[in-house]
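Using my numbering, you'd call the opening residue of the sequence shown number 5 and step up by one each time.
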Amino acid sequence: MGPLRDDESARPGRWGLLLSLALAGMAACSTDEGHFITPSIAGRDVVLVREGSDLNARASFLDGELVFWEHHTKADVLAAFLDKPFDGSPSPRLIESAGHAQAFTAAADTTGGICLAGLRYYEGGLTTITASLSRDRGVSWSEPQVVHHERDELAVFDPDSLVAGRPGEWYLLVRYRRGLVPKGLLFRVYGFRANQWVLRGFVPGTDDLSPYDTTSLAVSNDGRLAVAFITRAGSPRVLESADGGQSWMNLGAPARLRVSGLRIPFINPPFIAEPPRVTEAMPTVRWAAGNWALVWETHVATLRGVLMTWDNYVDTLFSRHDRRAGKWTATVRVSDRRTVVRATMPPLNASMQALEMVSREARGTELRYPHLAVAATGRLAVFWSELRDERIAPVASLSNDGGASWSRPVVLERTGRSDTDGVRGAFDPDGNIRAVYRLWPGRISLMVPGGIGLKASELLL
5 MGPLRDDESA
15 RPGRWGLLLS
25 LALAGMAACS
35 TDEGHFITPS
45 IAGRDVVLVR
55 EGSDLNARAS
65 FLDGELVFWE
75 HHTKADVLAA
85 FLDKPFDGSP
95 SPRLIESAGH
105 AQAFTAAADT
115 TGGICLAGLR
125 YYEGGLTTIT
135 ASLSRDRGVS
145 WSEPQVVHHE
155 RDELAVFDPD
165 SLVAGRPGEW
175 YLLVRYRRGL
185 VPKGLLFRVY
195 GFRANQWVLR
205 GFVPGTDDLS
215 PYDTTSLAVS
225 NDGRLAVAFI
235 TRAGSPRVLE
245 SADGGQSWMN
255 LGAPARLRVS
265 GLRIPFINPP
275 FIAEPPRVTE
285 AMPTVRWAAG
295 NWALVWETHV
305 ATLRGVLMTW
315 DNYVDTLFSR
325 HDRRAGKWTA
335 TVRVSDRRTV
345 VRATMPPLNA
355 SMQALEMVSR
365 EARGTELRYP
375 HLAVAATGRL
385 AVFWSELRDE
395 RIAPVASLSN
405 DGGASWSRPV
415 VLERTGRSDT
425 DGVRGAFDPD
435 GNIRAVYRLW
445 PGRISLMVPG
455 GIGLKASELL
465 L
């Protein structure tokens, strides 16, 4: 793929999707030379699951050495924990919840404790969430406690729904997709203190998200909470609580980057221009060096013709909330390349192959799911997946100055040719980075009868 400036047109070709129609396009790429190079060496990698996982299975490093994932069997969903996966220990501990949970989320604290929350839906609209604790890195567990038990509501877990607070404290963000929930009360925060779970409060001013977006919860060193989400209008918003979720203050949102590109007028009626359409998605918030740090992705669609022809690209962005100044720092572009996908009308006889390409292009150039990790030294790393050399690869970029500048992204998985997505990472005790991600048997496909796999890789810095 040759270089492409923002004001140039992408070449026609591949299939894409726009406004629920089957569309077509092809990718071209431009690169940003303003990133520094970080010396790195590819470390070890290990296949955690060869096949059988769900297309959206959750997996993450709870710290730099313990990896967690949802382990799917034919009859149940289990929680899997594997300590030091690169040291030749291929057998994970599989935890089955007492209530046969259909989804799990987990978190670890600085003392080695783990909290595991399970979510289950019942007929009649009943939703329950239970949580158990482990003090020996998943070897033994406490009896599960009921966190949430409500009817006529559909609760969902996000990748960052569960976080550790001060020693002995845990916080869980429960988001509702639909149900008998008043507008503005779609987020609930539960807290674990004194050996019991209690409802701490609601996050005000929230609205429901699209099925493809996520919400992020984080906690600071002094016990403050932050929630980051995308509003229905497509803009990021961050709220902070200084009392464990009972009251919230709106911190606003970082400024959007200036979007370059032509505004192409329609022929009928004349002289009416269509500006580029910009929406944000997939935020992750973390506490870093005394301030909140936010990473997210922005989607830009620019009209290039009169027959519903659009050029689409996505950037991975970063900003930090300056507490003293009371505002967000200038938005910085973390990704160093911009893959432009043209979307236009296809023939009327488009086949299933078109939808397969839609899914692959969406995961490779749109649904990046950026994830922010913070080292004990203050070093930052952002993980995401993107289309490179005809495959969707997991990548990471690092910052040594609090997010003011970023390295050129480094590919984490260099040996395989399969597509990947859903990458999440962490720093290990030595300052290297490790990541876990979903692994397709080949190219991303909507139909994978045998399921997908999970793989972990490390990068030595």
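Virtual Cβ for every residue (Gly too), placed ideally from N, Cα, C.
Asked	Found
Neighbourhood of Asn295 by C-beta, 7 Å cutoff - its chain only, sequence neighbours within 5 removed	Arg324, His325, Asp326, Arg327
Nearest-angstrom Cα separation, counted from Val53 out to Gly457	5 Å
Distance CB(Arg228)-CB(Thr235) smaller than 7 Å	no
Distance CB(Leu386)-CB(Leu376) smaller than 7 Å	The sequence given here places Val at residue 386; Leu does not occur at that position. Yes, they are a contact pair.
Own chain, CB closer than 6 Å to Pro280, minus 5 neighbours either side, in chain order	Val263, Gly265, Val304, Thr306
Burial state of Ser401 (16 or more Cβ within 10 Å)	buried
Nearest residue (CA-CA) to Thr419, options Gln200, Arg395, Trp332	Arg395
Contact belief for Val415 with Ala397 at Cβ below 8 Å, rounded distance in angstroms	5 Å
Rounded straight-line distance, which links the Cα of Gly117 to that of Arg141	6 Å
Euclidean distance between Cα positions of Gly426 and Lys88	20 Å
For Arg155 and Leu261, the rounded distance between their alpha carbons	42 Å
Cutoff 7 Å; reference Asn404; Cβ partners in own chain excluding five residues on either side	Arg383
Close Cβ partners of Phe90 (< 7 Å) along its chain, the five nearest in sequence each way excluded	Arg48, Val50, Glu462
Beta-carbon contacts of Phe322 that lie in its chain and below 6 Å, excluding the five residues immediately before and after	Val299, Val336, Val338, Gly407
Minimum C-alpha distance to Phe65 - residue among Gly455, Pro445, Arg428	Arg428
Cβ-based neighbour list, Asp58, same chain, cut-off 6 Å, excluding 5 preceding and 5 following	His76
Beta-bridge pairing of Ile396 - partner residues as DSSP gives them	Leu391
Cβ shell of Ser136 (< 6 Å), same chain only, five flanking positions each side left out	Leu120, Trp145, Ser146, Pro148
Distance cut-off 6 Å: Pro445 Cβ against heavy atoms of the ligand MG	Of the ligands one can find in the structure shown there are none, so the ligand MG has no counterpart to examine.
Asp247 - containing beta strand (DSSP E), residue span	That residue, Asp247, is in no beta strand (DSSP E); it is neither H nor E in DSSP.
Proximity winner among Ser251, Ala232, Leu158, Glu244, relative to Arg204 (alpha-carbon distances)	Ser251
Three-state secondary structure assigned by DSSP to Phe90	helix
Buried versus exposed, by CB contacts within 10 Å (16 or more), Thr115	exposed
Beta-carbon spacing of Val223, Gly172 below 7 Å	no
Rounded C-alpha distance that separates Arg1 from Trp314	Residue numbering for the chain in the displayed model covers 5 to 465; residue 1 lies beyond these limits and cannot be assessed.
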